[in-house]
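Residue numbers (my numbering): 59 to 148.
Note that beta-carbon positions come from the ideal geometry of N, C-alpha and C, so glycine has one too.
So the structure is just underneath, and the comments pick up after that.
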Amino acid sequence: AIGRYISKKNQTMTISSRDDQLYCSIDWGNKAPLTNGWIRADVSGKTILTGYKWQHPVDIEFEDGTIRSISLVGETFDRARDSAPVGAAE
59 AIGRYISKKN
69 QTMTISSRDD
79 QLYCSIDWGN
89 KAPLTNGWIR
99 ADVSGKTILT
109 GYKWQHPVDI
119 EFEDGTIRSI
129 SLVGETFDRA
139 RDSAPVGAAE
């Protein structure tokens, strides 16, 4: 999951590891503030992006055992071509 994802509108989602958890930062472009939060599972087992006093459901699409895209709030972010899946040959 760690890596960069890009939407058709050239918005960038970066997922990294912080304190052994998945941390997400989204640059929406157009001088909009960054969205930062943690990717977690909620009590129902759904994946969510959660920040300070808010949370949004996240849909993750897999391909060949790796994440192909991540969707939230109507935007789909595809894995950047230069962002190889963790464990992939470099």
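Pairing Q79 with W96, the inter-Cα distance amounts to about 7 Å. Under the 10 Å beta carbon count, Y110 is surrounded by fewer than 16 other beta carbons and is classified as exposed.
Counting only runs of at least 3 residues, the stretch 64-115 fully encloses the following beta strand (DSSP E) elements, listed from N- to C-terminal order: 70-76, 79-85, 93-99, 105-109 and 112-115. A distance below 6 Å between beta-carbons, with the five flanking residues on each side excluded, links N94 to the following residues of its chain, in chain order: S83. If you draw a straight line from the Cα of G87 to the Cα of I64, it comes to about 11 Å.
When only Cα atoms are considered, L92 and D122 end up about 30 Å apart.
Residue state for R62 is assigned as strand, using DSSP reduced to three classes.
Comparing alpha carbon positions, the residue from H114, Q69 and E133 closest to K89 is Q69. As the crow flies, the alpha-carbon of R76 is around 11 Å from that of I60.
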